[in-house]
Each structure stands twice: as structure tokens, then as C-alpha cells.
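Numbering (the numbering used here), first residue to last: 1 to 159.
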Amino acid sequence: MIEVRPASGDDAAFVLATMLQTWESPLVAVHGELIDVTTLPALIAWESGEQVGLATHRPHPGDSSWEVVSLHAVVAGIGAGTALLDEVARLARAAGARRIWLVTTNDNVAALRFYQRHGMDLVALHRDAVTEGRKLKPSIPHEVDGIRMRHELELEWLL
Ligand SMILES: CC(C)(COP(=O)(O)OP(=O)(O)OC[C@H]1O[C@@H](n2cnc3c(N)ncnc32)[C@H](O)[C@@H]1OP(=O)(O)O)[C@@H](O)C(=O)NCCC(=O)NCCS
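Here it is, written out as C-alpha cells:
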């Protein structure tokens, strides 16, 4: 049974370790911005007393949306990603937001599959946004699984 709770100060080490493990840094470069996710509200997925997933998010009051800035399942395939995404949506809806949205990259076919199976819809392709993002964060890999990482794909979930 997955339980999702807001991160507390005690979770800071887990948040940092998870970001380092997945993205080699607490910084993510998306849509021309370098964002330090350790400064954002975070949700932690728990299973049997273990932290099994992390999501960070931020509101965009200007267009009544919430952005999912990072999502990661430490243990994949046990429902952590689903529970985290559902909780971001629940919190966003309760705060009056009309949609949640996020960006993934063209190489990440597993995430693209996950989000679309979860009812999220593609709304934009930002060509070469990752190429540009690499200027902000040079450690972004150039290729994953034989696919050149170049573009950002934006998906949304209307609440
Ligand atoms: C993409 C990602 C977030 C998905 O999270 P996840 O926790 O693996 O996703 P879930 O477990 O909720 O769902 C995945 C599958 O497991 C299934 N599942 C969930 N709980 C399950 C359970 N208890 N038993 C069996 N299957 C289960 C889901 O139904 C889903 O099945 P489907 O693929 O047939 O639709 C995760 O793979 C990940 O962290 N990837 C690396 C980081 C990343 O790319 N993040 C996104 C960047 S934008």
C-alpha cells in the first residue's frame, strides 16, 4: 500500500540523494530555466516504512496551473509514480488549479507511456529545448538508449 506525504525536514537527505541518483544534480534544466528542486514543495511516496518515490511541484498562479517539476520512483512498477501524480493533482485541484502539467524529454519513452496511460495529453513539442538546456546544465546526457536527447515534450492533465 503506497502512502504519499509531504516531505519534511527529515526527508531532505532522501530528496537530494534521489535527485543525484536520477539527474546527477538537484538542478533540473527545463523550458530555459535551471530549477533547484530542493527549494520546491515535495511529496514522498512510502511503502512499508521505506521511501519509494519523490515528486516536486510548483504553482503557476498566472494560468491557474501546477507544474510537476520532477517525478521519480525509486522502486518502479509498484504504484509510486501513480500515487504521487494523483496526489499532486488532488492538491492542485484543492488549491483551485485547473490543470497540472510537466515536461519530459524525447528519449524518455517509458515516462511518455506512463503519463499518457495516466490520462495526460501531449500539448506541445519544444524542439531543441534540451539542446538549449544543456547550456544551463552541461551534464545532461546527449543520448539515452541510442536516442539523441534533444526535445522537450509537454503534457497536461485538465483537472
Ligand atoms: C516514469 C515513472 C515515474 C513511473 O513511475 P512508477 O512508479 O514506475 O509507475 P507505477 O508503478 O505507478 O505504474 C507503472 C505500472 O506499474 C503498474 N503497477 C502499479 N502498482 C502495481 C502493483 N502493486 N503491482 C503490479 N503492477 C503495478 C501500473 O498499473 C503501471 O502499469 P502499466 O505500465 O501497465 O500501465 C518511473 O518509471 C520513473 O521514476 N522513471 C525514471 C525517472 C523519470 O523518467 N521520471 C519522469 C521524468 S519526466
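Even glycine gets a Cβ: it sits at the ideal position worked out from N, Cα and C.
- When secondary structure is reduced to three states using DSSP, Leu91 falls in the helix class.
- Note that the C-beta distance between Leu27 and Val37 is below 9 Å.
- By the Cβ-count criterion, Asp107 is buried, with 16 or more other Cβ atoms from all chains shown falling within 10 Å of its own Cβ.
- Its chain contains Ala45, Val74, Val75, Ala80 as the residues whose beta carbon lies nearer than 6 Å to that of Val52, once the 5 sequence neighbours on both sides are disregarded; these appear in chain order.
- Ranked by Cα distance from Ile100, the options Leu85, Arg113, Ala110, Phe114 are led by Leu85.
- With contacts defined as CB atoms closer than 9 Å, Leu155 and Val103 qualify as a contacting pair.
- If you check the CB distance, Ala110 and Ser65 do not come in under 9 Å.
- Counting only runs of 3+ residues, the beta strand (DSSP E) found wholly inside the region 40-99 occupies 42-47, 50-60, 65-73, in chain order.
- In this structure, the beta-carbon distance from Leu136 to Leu40 does not fall below 9 Å.
- Excluding sequence positions up to five before and after Glu3, its CB lies within less than 6 Å of the CB of Trp46, all in the same chain and listed in chain order.
- In the three-state reduction of the DSSP assignment, Arg148 falls in the strand class.
- Take Gly119, set aside five residues on each side of it, and the residues of its chain with a beta-carbon closer than 8 Å to its own are Trp157, in chain order.
- Taking the C-beta atoms as reference points, Met149 is found no nearer than 9 Å to Pro138.
- Take the alpha-carbon of Arg5 and the one of Arg90: they are about 12 Å apart.
- Put simply, of Thr105, Glu143, Thr82, His151 the residue whose alpha carbon is nearest the alpha carbon of Arg117 is Thr82.
- In the three-state reduction of the DSSP assignment, Ala124 falls in the strand class, which pools E and B.
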